[in-house]
Every structure is written in C-alpha cells, then in structure tokens.
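In full-length UniProt numbering, the protein residues as written are 1 to 136.
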C-alpha cells in the first residue's frame with residue numbers, strides 16, 4: 001500500500017464501492033467500511049435484495065472464509081476471542097453452551113491453559129456449526 005497502512009480504510013472503501021456500484025445506484029445498499037446496510041421496505045424485499053448482494057459478492061470472489069481459516073487459539077485471550085465470535089451467533093447453534101463448555105473451561109482461573117485433543121475437537125466442531133446452514 002502506498003504510504004503504509006494509513007490508506008487501508010480508504011482503499012478498502014473504494015473497493016467495496018466499486019464492487020457494489022450498481023446496487024448503490026439502485027438504492028439497494030449503503031456500504032460503509034465493513035458494514036453493508038441493505039435497504040428494504042419489507043421482509044420479502046429484504047430477502048430479494050440480500051440475494052442480489054450475495055450474488056454480487058460471489059461474482060467478485062468475496063466469501064465468508066474467516067471462520068473456516070480461523071487460527072487455533074494458543075492463549076486464554078485467543079480462546080476469549082473465538083468464544084466472542086461464536087457466541088455472537090449462539091442463538092443459531094443448538095446447544096451452543098454444551099458444545100462450547102470445554103472451551104469455556106479453559107477460561108476458569110483454577111484451570112491451567114491446556115489445549116489438547118478435546119479442545120481441538122470443540123474448536124473444529126464450533127467452526128463447523130458456525131459455517132453450516134442456517135448460520136452463515
């Protein structure tokens with residue numbers, strides 16, 4: 001990037017505006033940084049417009065790969081970050097608290113941080129649950 005990372009936000013915004021240019025002109029979306037507001041008068045119109053946004057995103061190769069490629073936590077702080085991410089979508093994951101318990105246990109002060117096979121399985125399962133329908 002020219003001038004270091006200080007120009008990243010404006011470069012990213014310019015890219016997003018280019019990707020969604022037609023939808024912006026049609027009054028379907030209002031992108032701002034990493035948020036994209038989809039404008040609609042009712043639920044069915046919102047669903048139709050969401051499909052258009054997702055199609056344009058797919059055409060430009062934009063995908064939701066962040067969770068799939070999320071790094072394996074090596075510290076308590078990393079576990080907190082991952083639980084924060086997955087916890088945001090907990091209402092879409094049946095029995096989330098049961099599935100996340102081995103990870104939550106790592107945050108207890110009386111437990112030493114020990115990321116073993118059980119936690120690895122929990123980590124992989126939470127990623128799988130988060131990426132399957134209907135969550136994302």
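We put the CB at the ideal spot given by N, CA and C, even for glycine.
Here's the rule I'm using: 16 or more other beta-carbon atoms within 10 Å means buried, otherwise exposed. How should residue i be labelled?
i	result
residue 113	exposed
residue 46	exposed
residue 23	buried
residue 129	buried
residue 86	buried
Have a look at residue i and residue j and give me their C-alpha separation to the nearest angstrom.
i	j	result
residue 1	residue 8	Note that residue 1 scores 49 on pLDDT, short of 50, meaning its location in the model is unreliable; the coordinates nonetheless yield the value given after this. Cα-Cα distance, rounded: 7 Å.
residue 147	residue 35	Shown here, the chain extends from 1 to 136; a query on residue 147 therefore has no answer.
residue 14	residue 28	18 Å
Residue range of the beta strand (DSSP E) that residue i falls in?
i	result
residue 30	29 to 32
residue 67	Run containing residue 67: none; DSSP gives neither H nor E here.
residue 38	35 to 38
Contact defined as beta carbons within less than 8 Å: I believe residue i pairs with residue j. What is the distance between those atoms, to the nearest angstrom?
i	j	result
residue 50	residue 79	Their Cβ separation, rounded to whole angstroms, is 32 Å, which puts residue 50 and residue 79 out of contact at 8 Å.
residue 53	residue 38	6 Å
On a Cα-Cα basis, can you pick out the residue from the options that is closest to residue i?
i	options	result
residue 76	40, 17, 132, 110	110
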